[in-house]
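Same order as they appear, the protein sequences are chains A, B and C. No gaps in the numbering here: position 225 of the first sequence is 225 in full-length UniProt numbering, and each next residue is one more. No gaps in the numbering here: position 174 of the second sequence is 174 in full-length UniProt numbering, and each next residue is one more. No gaps in the numbering here: position 240 of the third sequence is 240 in full-length UniProt numbering, and each next residue is one more. Note that the Cβ used here is the ideal one computed from N, Cα and C, for glycine as well. Model, not experiment: these values are computed from the prediction. The structure appears below as structure tokens.
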Amino acid sequence: MPREVDPSLNEKQFVTQALEENLRLDGREFDQYRPLELTFGEQYGVADVTLGKTRILAKATAEVTVPYADRPLDGIFTIATELSPMTSPSFEVNRPTETEVLLSRLLEKTVRRSGALDTESLCLVAGQKCWSVRVDVHALSHDGNLTDAACLAVVAALRHFRKPDTSMDAGVLTVYTPAEREPVPLSWLHSPFCVTWSFFGEEGETAVLDATWLEEQVRVGSCTVSLNRHGEICQIAKLGGTPVNAVVLLQCTGVALAKVKEFDELVDRRLTEDLKRRDKGGFMAELRAENDR
Amino acid sequence: MTTTAAAPEAALGVLPRADGSANYSHAGYTVTGSVNGPIEAQRRDEHAYEAHVDVVIRPAAGVGGTRERHLESILQSSLTQLILVKNFPRCLVQIVLQVEDSPENDYVNTKLVQASLNFAIMPALMQTAVLALLSAGVPMRATATATAIAVMRQEEGAPTLVVDPSTRAIETAQSAHVLAFTSHGGLLLAESEGDFTVKEWDSVYDTAREICCRSAPTKEGMEMVLDEEATRGPDMRQFLQSTMEAKVAKDLHWK
Amino acid sequence: MPLDTSTYNLALLRVDGRRWNELRRVHAQIRTQAAADGSSYLEMGHTKVMCVVTGPTEPGPRRGGAAAGGAGGGGVGSGGAGGKAEIVVGIVIAGFSSVDRKRYGRGDKRTLELASTVSNALAASLHTNLFPHSQINISLHVLSQDGSLLAALINAATLACVDAGIPMTDYVAACTAGSTSTYAANDEGADPLLDLNHQEEQELPGLTVATLGNSDRVAVLVCESRVQISRLEGMLAVGVDGCKQMREILDRVVREKGVRMIQEGTVEKGVGLGDIDMD
Chain A
1 MPREVDPSLN EKQFVTQALE ENLRLDGREF DQYRPLELTF GEQYGVADVT
51 LGKTRILAKA TAEVTVPYAD RPLDGIFTIA TELSPMTSPS FEVNRPTETE
101 VLLSRLLEKT VRRSGALDTE SLCLVAGQKC WSVRVDVHAL SHDGNLTDAA
151 CLAVVAALRH FRKPDTSMDA GVLTVYTPAE REPVPLSWLH SPFCVTWSFF
201 GEEGETAVLD ATWLEEQVRV GSCTVSLNRH GEICQIAKLG GTPVNAVVLL
251 QCTGVALAKV KEFDELVDRR LTEDLKRRDK GGFMAELRAE NDR
Chain B
1 MTTTAAAPEA ALGVLPRADG SANYSHAGYT VTGSVNGPIE AQRRDEHAYE
51 AHVDVVIRPA AGVGGTRERH LESILQSSLT QLILVKNFPR CLVQIVLQVE
101 DSPENDYVNT KLVQASLNFA IMPALMQTAV LALLSAGVPM RATATATAIA
151 VMRQEEGAPT LVVDPSTRAI ETAQSAHVLA FTSHGGLLLA ESEGDFTVKE
201 WDSVYDTARE ICCRSAPTKE GMEMVLDEEA TRGPDMRQFL QSTMEAKVAK
251 DLHWK
Chain C
1 MPLDTSTYNL ALLRVDGRRW NELRRVHAQI RTQAAADGSS YLEMGHTKVM
51 CVVTGPTEPG PRRGGAAAGG AGGGGVGSGG AGGKAEIVVG IVIAGFSSVD
101 RKRYGRGDKR TLELASTVSN ALAASLHTNL FPHSQINISL HVLSQDGSLL
151 AALINAATLA CVDAGIPMTD YVAACTAGST STYAANDEGA DPLLDLNHQE
201 EQELPGLTVA TLGNSDRVAV LVCESRVQIS RLEGMLAVGV DGCKQMREIL
251 DRVVREKGVR MIQEGTVEKG VGLGDIDMD
């Protein structure tokens, strides 16, 4: 596949010099995100995140399978991040690049290992039947900061998702189709979000949030912090790059917490809006009538 | 003849970084396509005299399997016919089609993790690919339009044809067909599944041709046009043309 | 087996009898493989790592070449663009390295992530711009795992690069830090811990830090467990301090080896290969 084109020396210098003068090419503040938009699809569990020109689509699905032998009481939860040539022609099908491996590890650590989804609640019959929840992350357009957008999309998709309702009757497991019973949401414990800092300058003294693709190509290092709104760090990844003063890193984590709270609010707001849209005069209206009595 | 779907919708140039892109939704399917090309081909795909057309179909959920590969190969051979491949020797035209949404059957709990696409999605894929190619400005011999038709056989009497069948209709249908026509009216692609008679196929062909390459309804009065639209279902070629016209008009608005 | 942390409060001693700010025994050697350009062997407690450096050499036929580490190891490169040497790191984790035998495949994402981290961490310290259009191959072999794996890998790779005589700014020294009591409890009395072993790594929140030389500048910071944000500062401070201790240990290893080589007459005193510093 064709290699990704490196920016020219002039371009690189332009970006770095502008940053030295506290300017970004798109006129943003250093700690400002590009316009962030989150929409949900017609089906449950489809989230579309647009961050500037970066666009991610995440789709959550569930099916009943057999649990792993070594974890009979846990359901299965996987996040699939395969970057297609749609993202950039330099990605090839079935050959993971470093970007893809690091992205998938980050999402894995942020969402899965931090226990955001209660996998024990996915168990139906111990050792025999469980739900397997899978989130597919599709990067439609890559203009920098895939990580933050992808993480937001995954969390939003999972929180929006409804799995078919089930019941156990005398040892017989019934899975109801959407026509028989309204699907139920997943048991969700906390919402972690990624915030990625990019560092510029000789000693990485300039820290910038939400880098564009051009900025990503020029940066000397990056650090991704995953937090939830309760101030719990789920993961920090500064995988090499120019060494940055420890104090700067601590400050970055503090700012990240504020950003995470904004993300959390955004997701909550969009979810309520979507719920209202779906329930126009329907189920919720009926319930409300009962409550009024 | 019955149709089950509303009018198709499309947008061009939706992805900023690809050479060309399109988003198309019709009959419950939403597909986003991107085209990059002509770009440098890899050694193994390189052809000395013509461009290699690479089609990648990605399901919304789960990993692509043999069915996706099958659809890819069908599209690949059809699109190679359309694109002027001889103009770009040793190059690659890469088409990625990402399925975003497909109609769900509320009455069955499908196994979604192993993705499986079926015939009904073919028209959406074809239309998206053509629109994305147009948006990328890849030289083509002709454009193409496609449609899917299911044949439902009644107990007695003539079989009914369902255009753009739902997943449920496909399951119950005797046979399902996908036909694509070029803008010159030539038959580009015909794939059939199930059992059917030659006579049935003929009527399927006539219906598909009617939908795909009806000439623009300009000759008659306004009422006639409206009337026709109602009875004859979507007119794919007309749609393709108007989408392109709208996009060009928008792009050249400043002039 | 859950780690019993209740006894810590009684004697302030950890499961292996260390105090909170003590490193495990570190044993390191350089120039272990006579044939290689640079090599090292490092033990941090029961974590044992071997490293071989080849290069800077002419790059192989494929740029960004996969798998430098031989069978079973993924190769990940960094740099290479423009006039810089590419650092290709391959990590092979032996199947017998942990308690339960496990095969680590070629595409194991965790191993690839480790390789990418080591590569990017060293790229910041090595003067790769002195070797344009060349490649530095670093093969790391994990013989035994008992926590702090990433730290051991970085330390071993640093030592091997010193041995290979590749010019670098300073040592990249790494170690881990943790915190007593799990993430759920928000007690302020939790003590930071230095250099976690496998058991502690499983049960307690922890992070891996690598710093450049004696400075407070952090090259690598990896945290993979849930922890309160307030706990980070303490852990980071202990970690950075541990890195400084680690740097002294690595420096001592290099100096001792240099002195021995002069005594054995391998090198003449005062001739000085670039990599041997003898004051």
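- Message: Would you say the beta carbon of residue 145/C is closer than 7 Å to some non-hydrogen atom of the ligand NAP?
- Response: The ligand NAP is absent from the structure shown, which contains no ligands of any kind.
- Quick one: does residue 160/A have its CB under 8 Å from some CB of chain B? No, because no Cβ of chain B sits closer than 8 Å to the Cβ of residue 160/A.
- Task: Report the residues of the segment 43–75 of chain B with a CB closer than 9 Å to any CB of chain A, ordered along the chain.
- Result: Cβ contacts with chain A come from 54, 56, 58, 59, 60, 61, 62, 63, 64.
- Message: Taking only three categories from DSSP, how would you classify residue 260/A?
- Response: Helix, per DSSP.
- Message: I'd like to know whether the C-beta atoms of residue 125/B and residue 71/B end up nearer to each other than 8 Å.
- Response: Yes, these two residues count as a Cβ contact at 8 Å.
- Query: By Cβ distance below 8 Å, which residues in the same chain neighbour residue 139/B in space, the five residues on each side in sequence not counted?
  - Reply: Exclusion of the five residues before and after residue 139/B leaves 83, 84, 87 as the residues of its chain whose Cβ lies within less than 8 Å of its Cβ.
- Is it right to say residue 231/B is buried, meaning 16 or more other beta carbons lie within 10 angstroms of its own, or is it exposed? Confidence is the limiting factor: at residue 231/B the pLDDT is only 42, short of 50, which leaves the residue's position unreliable, though a coordinate-based value still follows. It counts as exposed.
- Query: Smallest Cα separation from residue 108/C: which of 92/C, 197/C, 118/C?
  - Reply: Of 92/C, 197/C, 118/C, the residue nearest in Cα terms is 92/C.
- From what residue to what residue does the beta strand (DSSP E) around residue 44/C run? Its beta strand (DSSP E) spans residues 38–44.
- Can a CB atom of chain B be found closer than 8 Å to the CB of residue 41/A? At least one chain B Cβ lies under 8 Å of residue 41/A.
- Message: I'd like the span of the alpha helix (DSSP H) that includes residue 24/B, first residue to last.
- Response: Premise fails: residue 24/B lies in the beta strand (DSSP E), 20–26, not in any alpha helix (DSSP H).
- Message: Quick check: the Cα distance between residue 226/B and residue 276/A, rounded to an integer number of angstroms?
- Response: Because residue 226/B carries a pLDDT of 41, less than 50, the predicted location of this residue cannot be relied on, and the following value inherits that uncertainty. For residue 226/B and residue 276/A, the distance between alpha carbons rounds to 36 Å.
- Message: Can you look up residue 151/C in the DSSP assignment and give me helix, strand or coil?
- Response: Three-state result, residue 151/C: helix.
- Item | Cβ neighbours of residue 254/B in the same chain (closer than 6 Å, five flanking residues each side left out) | Listed in chain order, the non-local C-beta contacts of residue 254/B below 6 Å within the same chain number zero, local neighbours out to five positions each way being set aside.
- Query: Do three or more CB pairs link the segment 103–116 of chain A to the segment 145–152 of chain A at distances below 8 Å?
  - Reply: With the cut-off at 8 Å, the segment 103–116 of chain A and the segment 145–152 of chain A touch.
- Query: Sorted by chain position, which residues of the same chain lie with C-beta nearer than 7 Å to residue 42/C's C-beta, five sequence neighbours on each side aside?
  - Reply: Cβ neighbours of residue 42/C beyond the five flanking positions: 28, 49, 152, 155, 156, 159.
- Given that a residue counts as buried once 16 or more other Cβ atoms are within 10 Å of its Cβ, and exposed if not, what is residue 54/B? So residue 54/B ends up on the buried side.
- Query: Is there a Cβ from chain C that is less than 8 Å from the Cβ of residue 235/A?
  - Reply: Yes - at least one Cβ of chain C is within 8 Å of the one on residue 235/A.
- Which value, in whole angstroms, describes the spacing of the CA atoms of residue 123/A and residue 25/A? Between the alpha carbons of residue 123/A and residue 25/A lies a gap of roughly 50 Å.
- chain B contact for residue 168/A (CB, 8 Å cutoff): Residue 168/A does not count as touching chain B.
- Message: Just checking: is the beta-carbon of residue 244/A within a distance shorter than 8 Å of some beta-carbon in chain C?
- Response: Yes, its Cβ sits closer than 8 Å to a Cβ of chain C.
- Spatial neighbours of residue 176/A within its chain, please: CB distance less than 8 Å, with the 5 preceding and 5 following residues excluded, ordered by chain position. Taken in chain order, the residues that qualify are 164, 165, 166, 167.
- Under 8 Å between C-beta atoms, does residue 259/A make it to chain C? Not an interface residue.
- Query: According to DSSP, what are the bridge partners of residue 168/C?
  - Reply: Beta-bridge pairing links residue 168/C to 126/C.
- Query: In chain order, what residues of the same chain have a beta carbon less than 7 Å from the beta carbon of residue 18/B, not counting five sequence neighbours either side?
  - Reply: So the qualifying residues of the chain are 34, 35, 36.
- Message: Looking at chain A, is there any beta carbon in it that lies within less than 8 Å of the beta carbon of residue 124/C?
- Response: Closer than 8 Å to some Cβ of chain A, the Cβ of residue 124/C qualifies, so yes.
- Query: Which term fits residue 242/C, buried or exposed, when burial requires 16 or more other beta carbons within 10 angstroms of its beta carbon?
  - Reply: Buried, by the Cβ-count rule.
- Query: Which whole-angstrom value describes the C-beta separation of residue 172/C and residue 236/C, a residue pair presumed to lie in contact below a C-beta threshold of 8 Å?
  - Reply: With a contact defined as Cβ atoms closer than 8 Å, residue 172/C and residue 236/C miss out at about 17 Å.
- Under 9 Å by beta carbon: chain F residues contacting residue 211/C: Protein chains A, B and C are contained in the structure displayed, whereas chain F is not.
- Task: Taking a Cβ distance cut-off of 7 Å, strictly less, list which residues of the segment 128–159 of chain A are near chain B, in chain order.
- Result: Interface annotation for the segment 128–159 of chain A against chain B: 132, 134, 136, 138, 140, 141, 142, 143, criterion Cβ-Cβ distance under 7 Å.
- Message: Taking the beta carbon of residue 104/C as the centre, do at least 16 other beta carbons fall within 10 Å, making it buried, or is it exposed?
- Response: Under this definition residue 104/C is a buried residue.
- Message: How far does the alpha helix (DSSP H) with residue 270/B in it extend, from its first residue to its last?
- Response: No answer is possible for residue 270/B: it lies beyond the span of chain B, which begins at 1 and ends at 255.
- CB-CB length for residue 142/B against residue 182/B, believed under 8 Å: 4 Å between Cβ atoms; contact.
- residue 223/C and residue 207/C closer than 8 Å at C-beta: If you check the CB distance, residue 223/C and residue 207/C come in under 8 Å.
- Query: What are the boundary residues of the alpha helix (DSSP H) that includes residue 123/B?
  - Reply: Note, residue 123/B: alpha helix (DSSP H), 122–136.
- Below-8 Å beta-carbon distance, residue 240/A vs any chain C residue: Closer than 8 Å to some Cβ of chain C, the Cβ of residue 240/A qualifies, so yes.
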